[in-house]
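Single-structure report; data block below.
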Amino acid sequence: MRYTVPTPTSVDELLQRANRLTGQSFAQLAKIANLHMPNDLKKDKGWVGMMLEQHLGASAGSKPLQDFPDLGVELKTLPVDEQGQPLETTFVCVAPLLNTSGLNWLNSNVRNKLSCVLWLPIDGRRAVPLAKRVVGQPFLWRPTNEQEQALQSDWEEHMDRIALGEVESITARQGEFLQIRPKAADGSALTEAVGPNGQMIQVRPRGFYLKKTFTRAILEQVFNAV
DNA sequence: CCGTGATCATAC
DNA sequence: GTATGATCACGG
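Mapping of the first sequence onto our numbering: position 183 corresponds to residue 182, and the numbering continues sequentially without gaps.
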């Protein structure tokens with residue numbers, strides 16, 4: 000039997016539910032959800048995120064939508080170290096490589112996903128057994144105008160390259176806060192893109208990721224507000 | 001294969 | 001030490 004929670008009908012309800020997870024260990028939460036507790040995340044990289052989705056009643060599925068479409072809220076776990084600093088970049092969504100002419104920042108998937116995020120900091124310390132790690136203090140975040148402009152600038156730079164057939168020349172070093180990196184099941188995954196001479200080429204699918212400097216600033220803004 | 005959830009692990 | 005490029009699992 001699968002553990003299901005009804006999808007929250009308000010942001011307040013979602014926040015209350017998220018707050019109740021604070022301090023709970025992954026072992027406790029796995030038991031409640033009737034989930035197998037892996038020893039590590041080597042072969043279960045998305046385990047924590049999916050478990051927490053279940054606890055919060057996120058709509059299942061892999062649609063390119065927010066986790067709580069009716070509330071306009073996206074859920075993101077953020078693994079942090081002992082000092083509360085992000086341990087990983089944050090995946091946002093797949094990067095469109097084809098038919099990009101009608102796309103702009105305002106209708107982009109990146110903006111939609113990041114317009115309102117329920118961040119769930121989690122203990123990401125590898126030295127701590129997975130079962131003993133705990134959920135941190137969740138918080139709801141909307142980008143400031145400044146943050147959104149920075150993201151838009153990066154997004155436009157990346158999309159220009161893609162539109163010009165330069166996807167293969169994009170590296171993760173580009174973009175101040177938003178980077179593009181491969182995103183695939185393995186090296187055999189291929190998708191179509193525009194090549195340097197406007198022809199179709201096959202490339203590894205790409206995804207948008209937030210660099211750690213960006214999520215670190217969000218954490219500081221929220222927890223170290225002076 | 002695509003998009004969801006991400007972390008792994010090696011090159012730097 | 002850490003970021004980049006690679007990879008893992010799953011539902012559809």
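C-beta atoms are modelled at their ideal positions from N, C-alpha and C, and glycine is treated no differently. Just so you know, these numbers come straight off a predicted model, no measurement behind them.
Out of the options, state which residue places its alpha-carbon closest to the alpha-carbon of residue i.
{"i": "D80", "options": "K211, Q220 and I31", "result": "K211"}
{"i": "R205", "options": "R180, N111 and Y2", "result": "R180"}
{"i": "P7", "options": "R124, P68 and Q23", "result": "P68"}
{"i": "F25", "options": "D39, L13, E12 and Q15", "result": "D39"}
{"i": "G262", "options": "N196, R203, H54 and R1", "result": "Any question about residue 262 goes unanswered here, given that the chain covers just 0 to 225."}
{"i": "G123", "options": "Q53, A171, D11 and T76", "result": "T76"}
{"i": "I200", "options": "E145, F213 and A162", "result": "A162"}
{"i": "L14", "options": "C115, T170, Q82 and M158", "result": "C115"}
{"i": "D159", "options": "L97, L119 and I217", "result": "L97"}
{"i": "L129", "options": "K41, L218, N108 and V4", "result": "K41"}
{"i": "C92", "options": "V109, N223 and S100", "result": "V109"}
{"i": "R19", "options": "E147, Q146 and Q136", "result": "Q136"}
{"i": "I217", "options": "Q146, A171 and Q198", "result": "Q146"}
{"i": "M36", "options": "T190, R132, A171 and N223", "result": "R132"}
Looking at residue j and residue i, is the spacing between their C-beta atoms short of 7 Å?
{"i": "A192", "j": "V166", "result": "yes"}
{"i": "L117", "j": "D153", "result": "no"}
{"i": "A57", "j": "D66", "result": "yes"}
{"i": "R215", "j": "Q84", "result": "yes"}
{"i": "T88", "j": "Y208", "result": "yes"}
{"i": "T21", "j": "V134", "result": "yes"}
{"i": "L70", "j": "P78", "result": "no"}
{"i": "M50", "j": "L34", "result": "yes"}
{"i": "L55", "j": "R16", "result": "yes"}
{"i": "F138", "j": "V221", "result": "yes"}
{"i": "Q53", "j": "A32", "result": "yes"}
{"i": "V47", "j": "I121", "result": "yes"}
For a test of the three-state rule: what should DSSP assign to residue i, helix, strand or coil?
{"i": "S24", "result": "strand"}
{"i": "E143", "result": "Before going further, note that residue 143 is Thr rather than Glu in the sequence given. The answer is coil: DSSP assigns T143 none of H, G, I, E or B."}
{"i": "T199", "result": "Checking the sequence shown, residue 199 turns out to be Met, not Thr. Three-state result, M199: strand."}
{"i": "I217", "result": "helix"}
{"i": "G206", "result": "strand"}
{"i": "K122", "result": "A quick correction: the sequence has Asp, not Lys, at residue 122. It is a strand residue."}
{"i": "A192", "result": "strand"}
{"i": "Q231", "result": "The first residue shown for the chain is 0 and the last is 225, placing residue 231 beyond what the model contains."}
{"i": "L40", "result": "coil"}
{"i": "V10", "result": "helix"}
{"i": "Q178", "result": "strand"}
{"i": "L74", "result": "strand"}
Could you name the residues of the same chain whose beta carbon sits closer than 8 Å to that of residue i, not counting the 5 residues immediately before and after it, in chain order?
{"i": "E156", "result": "Q173 and G174"}
{"i": "P142", "result": "L113, S114 and L150"}
{"i": "V72", "result": "V10, L13, Q65, D66, C115, V116, L117 and L139"}
Below 6 Å CB to CB, which residues in the same chain sit around residue i once its five sequence neighbours on both sides are set aside?
{"i": "P195", "result": "G164"}
Given residue i, which residues of its chain have a CB within under 7 Å of its CB, disregarding the five upstream and five downstream residues?
{"i": "P95", "result": "L102"}
Under 8 Å, with one C-beta from each stretch per pair, do the segment 88–108 and the segment 140–155 reach the 3-pair mark? At 8 Å Cβ cutoff, the stretches touch.
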